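Residue numbers (UniProt numbering), protein chains in the order written: chain V, 1 to 96; chain A, 1 to 96.
There are 2 protein chains.
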Amino acid sequence: MSDLAAALDVVGARWALLIVERLLEGPQRYGDLQRDLGLGTNQLATRLRELEASGVLYRLPLRHNTRAYALTERGLALREAIRALERWAADEGPAT
Amino acid sequence: MSDLAAALDVVGARWALLIVERLLEGPQRYGDLQRDLGLGTNQLATRLRELEASGVLYRLPLRHNTRAYALTERGLALREAIRALERWAADEGPAT
DNA sequence: CGCCAATACTTCCAAAATGAAAGCGCCTAG
DNA sequence: CTAGGCGCTTTCATTTTGGAAGTATTGGCG
């Protein structure tokens, strides 16, 4: 399996990179992620479980019965890839 | 919609980036892509249609009833993002 | 303590995407 | 004019995605 295929196995699922992008701005709570991203709560739960299992993020307990989700080092390392995709998408409007 | 979401709209579908990665090595024919990537022929056809429609690749007629698929400039510009993802996936084995 | 609201999920079901297999049309070599 | 390679399309089962509603835990408040 190529490196690219391995990467997509972890963050290739729908919403996965968008969740990571949001967490690049700092830890977020479940409800905030759901409202900001606009995905179904079941899918958010599934993605968070998968991303936690693959070491991209971790649960950070807060007071009350709330917790936040934060990126691990491995998750933070996705910043470059995300920026590259953003730059690619932004490189279209002006010249075309 | 964020830039990242826009990028994923185009290359976020399953197999899309893997097809582009393969084409970074040069134009490929339908059958070669299918055998090398190991995806179903219907999905390859669908992805190629979508990627052509979004200006990532184009059909290059060859003799016989064969054609090749090649990246446009926009498709070639994905190289950086793909490399970033590959680097991310490769940055795990040694230290962890 | 009993009730209420907030938060974090889980469950259920329909719709859409994915995957494997088989079929179709075109072309060209024999 | 038949046979085989090539580029798809079609069909159908399985998986994934999406939306809505339900459950569980916690803490605040009277």
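All C-beta atoms, glycine included, are put in the ideal place defined by N, C-alpha and C.
Just so we're clear, the structure is a prediction, and the values are computed from it rather than from any experiment.
Cβ of residue i within 9 angstroms of any chain V Cβ
i, result
"A/A81", "yes"
"A/R14", "yes"
"A/E86", "yes"
"A/L8", "yes"
Three-state secondary structure (DSSP) of residue i
i, result
"V/A70", "strand"
"A/R14", "coil"
Partners in chain V for residue i, counting only beta-carbon separations shorter than 7 angstroms
i, result
"A/D91", "A77"
Any C-beta of chain A under 9 angstroms from that of residue i
i, result
"V/L18", "yes"
"V/L4", "yes"
"V/L57", "no"
"V/R74", "yes"
Listed by chain order, chain A residues near residue i by CB distance under 9 angstroms
i, result
"V/E52", "Those do not exist, as V/E52 stays about 16 angstroms from chain A at its closest Cβ, beyond 9 angstroms."
"V/E25", "Correct list: empty, because the minimum Cβ distance to chain A is about 12 angstroms."
field: Ranges of the alpha helix (DSSP H) found wholly within the segment 10 to 59 of chain A, counting only runs of at least 4
entry: 16 to 23, 30 to 37 and 41 to 53
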